[in-house]
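First up is the structure itself, then whatever we jot down about it.
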Amino acid sequence: MNGKRRTLAVFPGSFDPITNGHLDIIERSLTVFDLVTVAILVNLEKQPLFTVEERVEIIREEYQGNPRVKVDTFTGLLVDYAEKAGATVIVRGLRAISDFEFEFQMALMNRHLNSRIETVFMMPAERYSYLSSRLVKEVFQLGGGVRELVPAGVERRLREKYGRSRAPQTAPRRRAR
Ligand code: ADP
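One gets the numbering used here by counting positions in the sequence shown from 1 and adding 399 to each.
As structure tokens, then:
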């Protein structure tokens, strides 16, 4: 790249599972940074739906053939992981005001821990601003369709996990008058 240093951004999270909101943030990051590493936090205290290996596999499938997106896992301090990986930026998605306080605290704490790494916030498309991994899991478990909210690989694995053969309609049924 003309001898210019390439900017690596780390996009950390649980990604249990990855949703179209996450993909939206990754796409936006690629317009600003050269490389994006999706870094899955291995949190032994949380009981995830998808194993770390499954989450890595899903994201790899999604970005197969795109050398600008990598997937990795980490434990411990994010800034330590980012520094070791050679990243100078942490990307986080900001949905609504509810995300703000926690994200603000984390960003300032991470700056306190390592001022060489900058946190950058990106807003997803409005249609994803209500979307979360938790909500996707809840809706699917209750029988709702999530086809337009997650990549196809996630929807297929959700059906396998819950033994559901066919995806239900996402569109709400018209009420009979
Ligand atoms: P965490 O457990 O760190 O919140 P998540 O996987 O839930 O991990 O989220 C990872 C990052 O993606 C966070 O910055 C979160 O705000 C962002 N994010 C999650 N869902 C969306 C969405 N629908 N639109 C934009 N950003 C999102």
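The beta-carbon is built from N, C-alpha and C at its ideal position, and this holds for glycine as well. Remember, it's a predicted structure, so these values are computed and weren't measured experimentally.
Examine the ligand ADP and report whether any of its heavy atoms sits within less than 7 Å of the Cβ of residue i.
i      : result
Arg526 : no
Classify residue i: buried if its beta carbon has 16 or more other beta carbons within 10 angstroms, exposed otherwise.
i      : result
Asp423 : buried
Asp415 : buried
Arg515 : exposed
Glu460 : exposed
Arg404 : exposed
Arg518 : The displayed chain sequence assigns Thr, not Arg, to residue 518. Answer is buried; the Cβ neighbour count reaches 16.
Pro411 : buried
Look at the Cβ atom of residue i, then the Cβ atom of residue j, and state whether they are nearer than 8 Å.
i      : j      : result
Ala495 : Ile489 : no
Asn602 : Leu548 : Absent from the structure is residue 602, since the part of the chain shown begins at 400 and ends at 576.
Leu507 : Phe499 : no
Val451 : Phe473 : no
Val409 : Ala486 : yes
Met505 : Ser428 : no
Taking residue i and residue j to be in contact with their CB atoms under 8 Å, please state how far apart those CB atoms are, rounded to whole angstroms.
i      : j      : result
Leu407 : Thr436 : 7 Å
Tyr462 : Val455 : At roughly 11 Å, the Cβ-Cβ gap does not stay under 8 Å, so Tyr462 and Val455 are not in contact.
Ile425 : Ile457 : At roughly 13 Å, the Cβ-Cβ gap does not stay under 8 Å, so Ile425 and Ile457 are not in contact.
Item to check | Sequence-ordered residues whose beta carbon comes within less than 7 Å of a heavy atom of the ligand ADP | outcome: The set of residues with any CB-heavy atom separation to the ligand ADP below 7 Å comprises, in chain order, Phe410, Pro411, Gly412, Ser413, Phe414, Asp415, Thr418, Gly420, His421, Asp423, Ile424, Leu440, Arg491, Gly492, Leu493, Arg494, Asp498, Glu502, Pro523, Tyr527, Ser528, Leu530, Ser531 and Ser532.
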